[in-house]
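Have a look at the structure below, then the notes.
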Amino acid sequence: MTEYYLWLLQFMGAANPRSVQLIRHYGSVKNVYEAFKNGEPKFLKPVESAALKTASLDKSREIMQTCEKYNFRVMTIDDENYSVALKNIYNPPVVLFVSGELCRNELCITVIGTRDACDYSYRITRKLCSRLARDGVTIVSGMAIGIDKTAHTAAVEVKGRTIGVLACGFAVDYPKFSMPFRQEIINAGGAVVSELLPEQRGERGYFNYRNRIMSGLSRGTLIIEAGEKSGCHITANHCYNQNRDLFCVPPADIFEPRFRGVISYIRDGAVPVFDHSDILNEYLIKPRPALPEIFTSEKISEENKPPEKQKPVIQMVSRTAEEKALVAKAEIKEHNIIPESCPEPDLSELSAQSLVLVELLKDGAKTVDVIAEKSGLALSADELSDLLLELEIDGVIESAAGSSYKLCKVQKNY
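Heads up: the sequence shown begins at 5 in my numbering, then just goes up one per residue.
Next comes the structure, spelled out in structure tokens:
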């Protein structure tokens, strides 16, 4: 099925939540291919339609050959080794390109900070990450210069595991001259991953998409340094939306602007970190209630182990439907152009729930969270998403600006 997933990635693009919706709607990615190969679905957006014309299974096989050349493998969302933690987020990547070991039963912590940090922050990063990695915690970061590189390096130096998440395709050398370091991470037992096609260069929006993966792989995110307008806020928002824990290093100077972002998170309840044990204790001393997906740390040092009756438990928490609905607006991809009109649909065969949504949209476009709130339907976020997709496929509604939906133009007089 790998080549069908790569075909879907070719025309839907990375981080497109409609990919998961299509797979759910048609039952499998192969069924999506079979449904599309005989004609272009009218609900596709122009940029998707244009990409569909050039997507093919032959290109999928070429991508697989490129993966072999660079020693990467294709991991789909159906793969048994796909990270359960990552699958548990809104809009998980349907395809990941992976080199090294990605999925193990250990605690992962994402470490983030500015690219131009102060000496205090670099020193703290090296100390915390080396000690966390030594005690069996996998350090996740974004492979950028600055705090990211320092966090990865600290883990590698103590022969610990670290996962680098790229904001470009794995065949692209970004940051420049980073290829040898990627191999060091892999040789140390870690992994390098990307959701972008192999030769796809990084663009501004991809860093946002990458950050959701960084947070999604981990149980918590540690912010080392962040100003008021730091890119760390994007990852922190993903962390909150994914129901993960947020940790912050207390600032060296409370009046220094470079720490204002950290101060605001600590005020809002983020866990202050004075030592790496402050992170370990969140999971080892205060275990969470057991859920279907349980992660246990196998490499935590003896000095940090709790009494035998308190087994170290690290829980992956599923987000509620309400939380999914609230973040749907923020994470739905908005780079596509809106179609001008839709063919006239047949409303006679719509379900009662679908007709409720049609009636709700008669007075104008509404975002997903507004639809969820005002429709009065007892639907989960996934069920509402499926219902909206079916209406889009049937040509009743179309996507609008601001991650919203509206009736197709021919419907406005009904």
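Ideal Cβ placement from N, Cα and C applies to all residues, glycine included.
- Note that the C-beta distance between Ile-227 and Ile-67 is not below 8 Å.
- Note that the stretch 21 to 34 touches the stretch 89 to 101; at least 3 beta-carbon pairs, one per stretch, sit closer than 8 Å.
- Unbroken beta strand (DSSP E) runs of no fewer than 3 residues, entirely contained in the stretch 132 to 163, are found at 142 to 145, following chain order.
- Ala-19 sits away from Val-102, with the two beta carbons spaced by 8 Å or more.
- For Glu-402, the enclosing beta strand (DSSP E) begins and ends at 401 to 404.
- In the DSSP assignment, Thr-70 falls outside any beta strand (DSSP E) and lies within the alpha helix (DSSP H) extending over 61 to 74.
- In the DSSP assignment, Gly-220 falls within the unbroken alpha helix (DSSP H) covering 208 to 221.
- Ranked by Cα distance from Asp-282, the first of Val-51, Arg-135, Lys-57 and Asp-120 is Arg-135.
- Cβ neighbours of Ala-155 within its own chain (closer than 6 Å, five residues either side excluded): Val-115, Thr-129, Cys-133, Ile-143 and Ser-145.
- Counting along the chain, the unbroken alpha helix (DSSP H) around Tyr-287 starts and ends at 281 to 288.
- Residues Ser-103, Phe-174, Ala-175 and Pro-202 of the same chain have their beta carbon placed closer than 8 Å to that of Tyr-74, with the five preceding and five following residues left out of the count.
- Less than 8 Å separates the beta-carbon of Cys-236 from that of Gly-265.
- DSSP places Cys-107 in no beta strand (DSSP E); its state is neither H nor E.
- Each residue's CA atom was taken as its position, placing Glu-52 and Glu-260 some 46 Å apart.
- Within the DSSP secondary-structure output, Val-99 pairs in a beta bridge with Thr-80.
- In terms of Cα proximity to Ser-198, the closest of Glu-232, Phe-181 and Met-147 is Met-147.
- For Ala-230, the closest alpha carbon among the candidates Ser-219, Cys-252, Lys-366 and Asn-215 is that of Cys-252.
- Within the model, the alpha-carbon separation for Trp-11 versus Ala-89 is close to 25 Å.
- For Phe-251, the uninterrupted beta strand (DSSP E) run begins and ends at 249 to 252, by DSSP.
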